[in-house]
DNA sequence: CTGTATCCGAATTGATACTG
DNA sequence: CAGTATCAATTCGGATACAG
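Chains as they are written, first to last, in the UniProt record's numbering: chain A, 1 to 126; chain B, 1 to 126.
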């Protein structure tokens with residue numbers, strides 16, 4: 001395992017492992033949703049992102065944003081005001097990732113009914 | 001939240017929720033790796049997939065394949081032989097998803113060094 | 001070979017309370 | 001406002017044993 005066949009111009013297993021690891025860190029639910037929120041609305045502050053991602057807890061939002069910052073997907077800007085204002089913005093890297101994920105979104109949107117039907121059929125069979 | 005701006009031809013929040021939920025189920029680590037293994041090598045039996053995804057336990061492989069079958073991503077064919085042979089194959093839906101994820105793989109491959117650098121810089125700063 | 005069932009520790013997550 | 005700290009609950013995942 002390691003890469004789609006049409007993807008690989010190299011075949012260093014260590015690079016494959018890194019790629020898999022990176023995807024593992026980046027492809028979790030909350031990261032995807034935050035990425036989407038930022039892609040959609042541009043630079044935004046902490047609470048606005050929280051509102052844009054219903055269901056996320058404050059803890060998960062903080063944790064996800066820190067992780068994204070660490071991966072280089074977002075920048076974090078603290079404005080020295082009272083009350084504090086912290087703004088998050090996608091980096092070019094983050095924006096590129098959002099675009100890459102677009103394909104997955106399209107897939108989900110296009111196939112939502114097929115998937116629901118498959119699920120219903122499977123459940124009926126069991 | 002709900003969709004990238006360039007994606008949405010509708011804006012039914014219930015559809016958005018469904019899409020997000022679907023992505024949540026489909027974007028987990030093992031599903032991605034199994035998807036990749038099947039995309040790369042075509043129809044394969046249980047144990048071959050296990051070998052193609054190093055690190056996965058039998059339990060997780062079974063569980064992941066069941067879930068993928070439920071979502072309509074793979075078909076499961078049992079051959080009435082002794083010993084039993086069970087083959088898994090991507091559906092069109094599954095294949096399309098694999099293609100959609102290709103973009104993410106490309107992104108990770110292209111940017112692996114940028115990401116590593118970002119991480120190192122972040123860690124040095126803390 | 002391809003599973004299912006069970007146990008158990010580890011890791012995630014949510015809720016709540018508190019702080020600069 | 002934008003977090004941090006903590007605890008409880010759930011979930012995840014590996015190991016093992018067993019079955020068709």
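Ideal Cβ positions, reconstructed from N, Cα and C, are used throughout, including at glycine. Here the structure is a predicted model, which means the values were calculated and not measured.
Range of the contiguous beta strand (DSSP E) that encloses residue i
i: residue 134 of chain B; result: This structure cannot speak to residue 134 of chain B, because chain B is shown only from 1 to 126.
Where the alpha helix (DSSP H) containing residue i begins and where it ends
i: residue 82 of chain B; result: Careful: residue 82 of chain B lies outside any alpha helix (DSSP H) and carries neither H nor E.
i: residue 47 of chain B; result: 46-52
i: residue 33 of chain A; result: 29-41
i: residue 24 of chain A; result: 13-26
Status (buried if at least 16 other CB within 10 Å, exposed otherwise) for residue i
i: residue 108 of chain B; result: buried
i: residue 43 of chain B; result: exposed
i: residue 94 of chain B; result: buried
i: residue 59 of chain A; result: exposed
i: residue 98 of chain B; result: buried
i: residue 123 of chain B; result: exposed
i: residue 22 of chain B; result: buried
i: residue 19 of chain A; result: buried
i: residue 62 of chain A; result: exposed
i: residue 80 of chain A; result: exposed
i: residue 78 of chain B; result: exposed
DSSP state of residue i mapped onto helix, strand, coil
i: residue 63 of chain B; result: helix
* Asked: Are three or more beta carbon pairs between the segment 37-51 of chain A and the segment 11-22 of chain A nearer than 8 Å?
  -> no
* Asked: Got a sec: which bits of the segment 103-123 of chain B sit with their beta carbon under 9 Å from any beta carbon on chain A, in order along the chain?
  -> 103, 104, 105, 106, 107, 108, 109, 110, 111, 112, 114, 115, 116, 117, 118, 119, 121, 122 and 123
* When Cβ atoms are compared, which residues of the segment 76-102 of chain A fall closer than 8 Å to chain B? -> 93, 96, 97, 98, 99, 100, 101 and 102
* Asked: Does the segment 102-121 of chain A come within contact of the segment 62-81 of chain B, defined as at least 3 CB pairs closer than 8 Å?
  -> yes
* Asked: Between the segment 18-33 of chain A and chain B, which residues of the former have CB atoms less than 8 Å from a CB of the latter, in chain order?
  -> 18, 19, 20, 22, 23, 24, 26, 27, 28, 29, 32 and 33
* Quick one, which residues of the segment 61-75 of chain B are near chain A if we go by CB-CB under 7 Å, in chain order? -> 69, 70, 71 and 72
* Asked: Does the segment 84-91 of chain B come within contact of the segment 26-42 of chain A, defined as at least 3 CB pairs closer than 8 Å?
  -> Per the Cβ contact rule, the segment 84-91 of chain B is not in contact with the segment 26-42 of chain A (fewer than 3 Cβ pairs under 8 Å).
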